Every structure is written in structure tokens, then in C-alpha cells.
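Chains as they are written, first to last, in this note's numbering: chain A, 11 to 316; chain B, 11 to 316.
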């Protein structure tokens with residue numbers, strides 16, 4: 011019984027209104043792994059080039075990440091993304107995208123990963139995500155998929171095929187609108203829940219996140235922060251906290267997914283405090299517990315109506 | 011002991027992506043009164059022209075609104091505003107503003123209003139808001155002030171003088187940023203709470219509302235709606251629910267303000283369902299209770315961390 015994570019491990023160069031990073035380690039699966047290992051070990055599927063630092067891989071292994079499924083292509087370069095955030099930190103411009111090793115990535119699921127009962131598909135080419143599902147002999151108990159507008163624009167048919175196979179889809183608000191053709195997020199959710207997934211998470215950045223399931227809806231705020239220093243990886247970190255909690259507790263009820271959303275939001279609130287994965291590497295279990303308590307305080311109210 | 015409401019009573023003409031209204035009855039104090047009277051009677055201070063429909067005034071009186079403080083200038087015209095909302099419904103263009111009777115409005119607080127213990131200053135010229143505070147012989151138990159960017163642009167000194175005198179200030183997120191010169195809402199709140207008010211409510215439209223008091227912060231979501239038909243008056247309705255609940259319960263603790271925020275949000279969620287005050291006139295106490303229960307469901311979670 012294990013959690014398998016699929017996604018990119020890469021380099022990012024980030025500009026925000028508060029500063030500029032060097033080329034630092036990033037990638038969806040990197041963030042997910044750093045976050046989910048707070049709760050449970052991770053079996054990672056990804057691909058990196060010969061330029062990916064060995065010490066980064068060692069640090070992940072020490073953290074409880076099984077790297078058997080991570081291909082290292084010594085002669086090639088790792089995926090590289092560079093972007094610039096606007097003042098509101100909810101929008102960004104992509105400056106550079108170099109696919110490199112991702113261009114021809116064919117994931118191979120190791121035999122030791124066949125016990126997978128929780129599968130997290132980090133944002134990636136939809137057909138690559140699907141290939142992992144298809145290589146698993148037993149369908150996992152829960153498949154969670156993150157994706158983005160880029161795949162909606164460039165390969166909608168592939169995307170829809172993969173979406174149809176998953177239990178939980180995660181997108182941001184503008185992606186939910188694009189995918190559904192509906193402006194109202196409530197209507198967007200109705201449309202998307204017809205596409206296959208039983209659960210839909212809509213991430214709204216600093217405005218929190220919504221979880222839809224049938225007619226049920228749950229809202230979790232984002233913690234109001236003094237500074238959002240670097241939002242890169244916040245969505246992946248959210249996903250890592252969400253799947254990490256579910257995989258640890260092995261409870262996929264709507265009630266427990268609500269808890270998982272709060273935990274994902276709490277972890278994401280750390281992620282944005284420093285560049286890259288820096289903050290995720292620093293935090294201790296007590297920090298997480300304390301932050302979750304802040305969420306409880308933030309939204310708790312008692313109402314007594316006559 | 012009473013709730014006094016100050017603000018405009020006016021005509022609006024509204025365009026949204028979903029339709030266009032005729033010239034309909036609006037104005038901050040109109041929305042506040044329709045909403046707050048769900049909880050407690052209202053003593054209204056405003057000014058209208060001879061064109062304001064007598065049946066509207068009768069309907070408000072029948073609702074429990076004392077109109078002794080409403081001046082009727084028979085030879086003049088009521089305030090008129092026309093605006094067009096964008097697709098996101100959080101931004102709008104003003105098409106027409108005719109001040110008319112508001113241009114020279116000098117509010118007069120009737121003797122029978124001197125028992126005021128809750129004062130709601132709806133959005134209006136800051137000096138006019140202040141004039142009402144100054145005419146009251148005993149300071150109310152709680153003064154709540156709504157305002158907008160227009161006064162920040164045109165008469166910041168007047169605005170600051172009034173802000174200094176109130177207990178609770180209500181603004182939207184972009185106004186909080188403008189007033190404080192801070193982008194982070196947490197930092198904006200710190201700055202604004204130095205200006206006089208002990209409480210700050212930041213309204214974020216479809217993204218909910220934040221309540222700040224010292225180091226405490228509370229977040230209430232907006233209900234995810236299938237349709238936002240017309241956002242006009244939603245902020246005033248929110249204010250009406252907030253002050254109405256506080257005036258009814260006479261409890262101005264932080265805990266009870268949290269409840270008041272939820273009640274304001276619930277009422278605002280009705281307001282946007284139809285043009286103008288239409289929906290506020292239709293709803294019954296059972297509708298309000300039911301909607302508040304939806305808020306409880308929306309944000310309720312139990313967390314058990316080891």
C-alpha cells in the first residue's frame with residue numbers, strides 16, 4: 011500500500027515584485043514530494059537530466075522518497091521554466107520553457123510501485139499521466155489529477171481522456187471556467203463533474219479553495235499572509251498536503267477530504283514564504299499543527315439563531 | 011435604544027452581462043434598511059427628491075423604518091447613479107452620476123433619534139457622515155462606517171477625520187489597499203487600525219470578507235452562487251445584516267461580530283440574485299435561517315491531528 015507521485019522535477023528561475031531567484035530546483039513532483047512526506051512515504055515517478063543535483067536526489071531519499079521510478083538521462087538537460095509574477099501574484103508571464111527531458115518522457119512504473127493505492131498525477135502531459143494509470147495492474151483507491159490551461163489549449167482530447175479516468179480533479183478558477191465554458195464556478199463544477207471525476211477542487215490562490223462533490227460544496231480560505239514572497243509550487247504543495255493526508259489516513263470520505271484541503275492550504279501557506287522549496291524543507295510537524303490551528307481560528311464561528 | 015442608518019436613497023440604472031434594469035430604487039440606506047429590518051427597527055436619515063415614489067416610502071415604513079429623518083425636497087430630483095458591470099461582476103464602470111438632492115445634503119438628526127446606540131454610516135460624503143455623529147448628544151455604543159475609493163481620491167482629509175471617529179470601518183479590498191498604501195491585506199489592516207477604528211471589515215465580493223481586530227482575524231466566504239445577477243447593493247446589504255444583528259443582540263464582542271459577518275454575507279447572497287432590492291423584499295426569516303445553515307455547511311470541518 012503506497013502513495014505514488016508523478017510529475018516534473020525541474021529547474022525554475024523566478025521573478026517576483028520582491029526579488030529574483032537563481033536557477034533553483036522546482037517541478038510539480040518535487041514540491042508534492044517535499045510536502046506529502048510530512049505524512050507518508052512517497053514513490054516518485056519523474057525524469058531529470060544529468061544536470062540535476064545529486065544532493066537534491068539524496069535529500070529527497072533521506073526524506074522518504076523512493077526514486078526507483080525517476081529516470082536520470084545523463085546526456086540530457088532537466089526541464090526548465092522561468093516566469094515573472096505580477097503584483098497581485100495570482101497572474102504570471104512565462105519567460106522561458108525548455109522541455110528538455112520532458113519532451114520524450116515515457117514513464118515506467120517499477121514493479122515495487124504496483125502496491126499503489128493512492129496516485130497523485132502532478133501537472134504533466136495528459137497522455138503521460140494516463141500511461142501511469144494504465145501501467146498499474148490494480149486501480150488505485152484514489153487517483154488525484156492536477157492539470158493546467160496549457161493542456162486545455164493544446165491537447166484537449168488527450169486531456170479529456172485522462173480526466174475521465176480520475177477521481178479528483180484539481181484546477182484553478184480560470185482553468186475551471188475554461189474547461190467548462192461556464193463563468194459561474196458552481197455551474198463550472200456541475201459541468202466538470204459530468205466529465206468523469208467524482209470530486210473537483212478549484213484552487214483560487216489567495217482566495218482559498220473549493221471542493222465540490224455532487225451537490226456538496228466545501229470552502230477553505232487561504233491564510234491571509236503579510237507577504238506572499240513566491241507563489242511557485244503553492245498549487246503543487248497544496249496537492250501534496252491533500253494527497254499526503256488522505257494516503258496517511260486511508261479515508262476518502264468527503265469529510266476527510268475537507269480536512270485534507272485544510273492541510274493542503276496550510277502547507278501551501280508555508281511554501282509561498284520563501285523562494286522555491288526552501289520553506290518546505292525547514293518546517294517541522296509542530297509548525298504544521300500550529301498553522302492548522304490558525305486556520306481553525308480563522309474560520310470558526312458559532313451561530314445561535316432563535 | 012435604537013439603530014440609526016444614514017445614507018443615500020436614490021435611483022439606479024444597472025447593466026450587467028445578464029440584463030439591464032430600468033431606473034429602479036436603490037441607494038445605500040435603502041438596501042441597509044431593507045436588510046437590517048429583518049432584525050430590528052431602523053431610524054433612517056437621508057434625503058430624496060419629489061420624484062421618489064411615495065409607495066417606496068410607505069413600504070419602508072410598513073417594514074419598520076422610521077422616516078422622520080428623511081428629508082423630501084419636492085422641487086428637486088433624487089440622486090441617480092447608472093453603471094455597467096463587467097463579466098467578473100467585481101468591477102464596474104460608472105455611466106452617470108447625478109448628485110441632485112445629495113449635492114447640498116445637510117442631515118438633521120430628529121430628537122426622537124437621540125436614543126441611538128447603534129449608528130450605521132452608509133457610504134456618503136464623509137463630512138455628512140461626521141455631521142450625524144456630532145449631532146448625537148451621547149456617543150453610540152457602536153459606530154460602523156462604510157465608504158469608498160471616490161472619497162479617498164477627492165477628499166482624503168475629510169475622510170480621515172470621519173474614520174478616526176468610528177469603531178468599525180468597512181471597505182473593499184482595493185479600497186483597503188488604496189487607503190493604507192499596502193498591497194498585503196494583513197499589512198493594510200495593520201495600517202488602517204492605526205487610523206482610529208478598532209475593527210476593520212474588508213469585503214472581497216465573491217471571495218468573501220475578512221474581519222480584523224488587533225491581532226485577531228476572521229474570514230467568512232461568500233456563498234458560491236450559480237448566478238450573480240446584479241451585485242448592486244450587495245455591500246450595503248452586507249452592512250445592513252452586520253449592523254442589524256449587532257443592534258438586535260446588543261453584543262459587540264469579536265465573537266458576535268463574526269456571527270454578524272456571516273449574517274451579512276448570507277443576506278448579501280440573496281441581494282445579488284435579482285435586480286435592485288427585489289430579492290430583499292421577498293425573503294422570509296426561514297429563508298435567512300436556511301441560507302445561514304448553508305454557510306455553516308460550507309466552511310465546517312473537524313480536524314483531528316495526532
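Beta carbons: idealized from backbone N, C-alpha and C, even for Gly.
Bear in mind that the values here come from a model prediction, so they are computed numbers and not experimental data.
Check your understanding: Given that residue 236 of chain B touches chain A, what residues does it touch there, using C-beta distances under 8 Å?
Key -> Neighbours of residue 236 of chain B in chain A, taken as residues at a C-beta separation under 8 Å, are given in chain order as 194, 196 and 197.
Exercise for review: Compare the C-alpha of residue 253 of chain A against each of A:282, A:211 and A:287 and name the closest.
Suggested key: Sorting A:282, A:211 and A:287 by C-alpha distance to the C-alpha of residue 253 of chain A places A:211 at the top.
Review point. Checking contacts by CB at 8 Å: is residue 217 of chain A closer than that to chain B?
Key: The beta carbon of residue 217 of chain A sits closer than 8 Å to some beta carbon of chain B.
**Study point:** Option nearest residue 150 of chain B by Cα separation, candidates B:293, B:187, B:140 and B:133
**Key:** For the residues B:293, B:187, B:140 and B:133, the minimum Cα distance to residue 150 of chain B belongs to B:140.
Exercise for review: Would you mind listing the alpha helix (DSSP H) stretches within the region 99-125 of chain B that are 4+ residues and don't spill past its ends, in chain order?
Suggested key: Those alpha helix (DSSP H) runs which fall completely within the region 99-125 of chain B and span 4+ residues do not exist here.
Practice item. With 7 Å as the C-beta to C-beta threshold (strictly closer), list the residues of the region 78-102 of chain A near chain B in chain order. Key: Closer than 7 Å at the C-beta level to chain B, one finds these residues of the region 78-102 of chain A: 97.
Review point. Which residues share a DSSP beta bridge with residue 236 of chain B?
Key: Assignment of beta-bridge partners to residue 236 of chain B by DSSP yields no partner.
Point to revise | As assigned by DSSP and simplified to three states, the class of residue 218 of chain B | key: Coil at residue 218 of chain B, not helix or strand.
**Study point:** chain A contact residues for residue 228 of chain B, given Cβ-Cβ distances below 9 Å
**Key:** Neighbours of residue 228 of chain B across chain A, judged by C-beta separation under 9 Å: 307, 308, 309, 310 and 311.
Exercise for review: Give a yes or no on whether the minimum CB-CB distance between residue 269 of chain A and chain B is below 8 Å.
Suggested key: Yes, because at least one Cβ of chain B sits closer than 8 Å to the Cβ of residue 269 of chain A.
Practice item. May I ask you to verify whether the region 292-311 of chain A touches the region 51-70 of chain B, counting CB pairs closer than 8 Å and requiring at least 3? Key: The region 292-311 of chain A, when compared against the region 51-70 of chain B, does not touch it at the 8 Å Cβ threshold.
Practice item. Tell me, please, which residues DSSP counts as bridged to residue 82 of chain A. Key: A:58, per the DSSP bridge assignment.
Point to revise | Option in A:220, A:245 and A:304 with minimal Cα separation from residue 157 of chain A | key: Selected option, being the one with the closest Cα: A:245.
**Study point:** Against chain B: residues of the region 127-153 of chain A by CB proximity under 9 Å
**Key:** So nothing in the stretch comes that close.
Practice item. Within the region 242-310 of chain A, note down every full beta strand (DSSP E) run reaching 3 residues or more, in order along the chain. Key: Listed in chain order, there is nothing to give.
Practice item. Tell me whether residue 64 of chain A is buried or exposed, calling it buried when 16 or more other Cβ atoms sit within 10 Å of its Cβ. Key: Classification for residue 64 of chain A: exposed.
Review point. Are any of the Cβ atoms in chain A nearer than 8 Å to that of residue 272 of chain B?
Key: For residue 272 of chain B, the nearest CB of chain A lies under 8 Å from its own CB, placing it at the interface with that chain.
Practice item. Closer than 8 Å by beta-carbon distance: list the chain B residues that pair up with residue 220 of chain A, in chain order. Key: Among the residues of chain B, those whose CB is under 8 Å from the CB of residue 220 of chain A are 234, following chain order.
Review point. Using a Cβ-Cβ distance under 8 Å, would residue 63 of chain A count as near chain B?
Key: False, the Cβ-Cβ gap to chain B never drops below 8 Å.
Practice item. Take residue 178 of chain B as the anchor and find which of B:163, B:216, B:152 and B:105 has the nearest alpha-carbon. Key: Nearest option by C-alpha distance: B:152.
Review point. By how many angstroms is the C-alpha of residue 173 of chain A removed from the C-alpha of residue 114 of chain A?
Key: Rounded to whole angstroms, residue 114 of chain A to residue 173 of chain A spans 21 Å at the Cα level.
Review point. Based on Cα-Cα distance, which residue from A:129, A:39 and A:164 lies nearest to residue 148 of chain A?
Key: Considering only alpha carbons, the answer is A:129.
Point to revise | Cβ of residue 207 of chain B within 8 Å of any chain A Cβ | key: Chain A has no Cβ within less than 8 Å of the Cβ of residue 207 of chain B.
Point to revise | Contact belief for residue 31 of chain B with residue 24 of chain B at Cβ below 8 Å, rounded distance in angstroms | key: About 4 Å; that satisfies the 8 Å criterion.
Check your understanding: Helix, strand or coil for residue 158 of chain A per DSSP?
Key -> Secondary structure of residue 158 of chain A (DSSP, three-state): coil.
Check your understanding: Roughly how many whole angstroms lie between the Cα atoms of residue 266 of chain B and residue 259 of chain B?
Key -> Cα to Cα, residue 266 of chain B sits roughly 9 Å from residue 259 of chain B.
Exercise for review: Using alpha carbons as the reference points, say which of A:83, A:71, A:92 and A:216 lies closest to residue 117 of chain A.
Suggested key: The residue from A:83, A:71, A:92 and A:216 with its alpha-carbon nearest to that of residue 117 of chain A is A:83.
Check your understanding: Can you tell me where the alpha helix (DSSP H) with residue 188 of chain B in it begins and where it stops?
Key -> Note, residue 188 of chain B: alpha helix (DSSP H), 183-190.
**Study point:** Residues of its chain near residue 145 of chain A, where Cβ-Cβ distance is below 7 Å and the 5 sequence neighbours each way are ignored
**Key:** The residues are 119.
Review point. For residue 166 of chain B, which residues in chain A fall below 9 Å Cβ to Cβ?
Key: Neighbours of residue 166 of chain B in chain A, taken as residues at a C-beta separation under 9 Å, are lacking, since the least C-beta distance is about 23 Å.
Review point. Could you give the distance in angstroms between the alpha-carbon of residue 249 of chain A and the alpha-carbon of residue 37 of chain A?
Key: Roughly 13 Å between the two C-alpha positions.
Review point. Between the Cα of residue 242 of chain B and the Cα atoms of B:111, B:231 and B:215, which residue gives the shortest distance?
Key: When the alpha-carbon of residue 242 of chain B is set against those of B:111, B:231 and B:215, the nearest one is in B:215.
Check your understanding: If you draw a straight line from the C-alpha of residue 183 of chain B to the C-alpha of residue 217 of chain B, how long is it?
Key -> Each residue's alpha carbon lies about 10 Å from the other.
Review point. What span of residues does the beta strand (DSSP E) with residue 34 of chain B cover, start to end?
Key: Residue 34 of chain B -> beta strand (DSSP E) spans 29-36.
Exercise for review: Kindly identify the DSSP beta-bridge partner or partners of residue 43 of chain B.
Suggested key: According to DSSP, residue 43 of chain B bridges with nothing at all.
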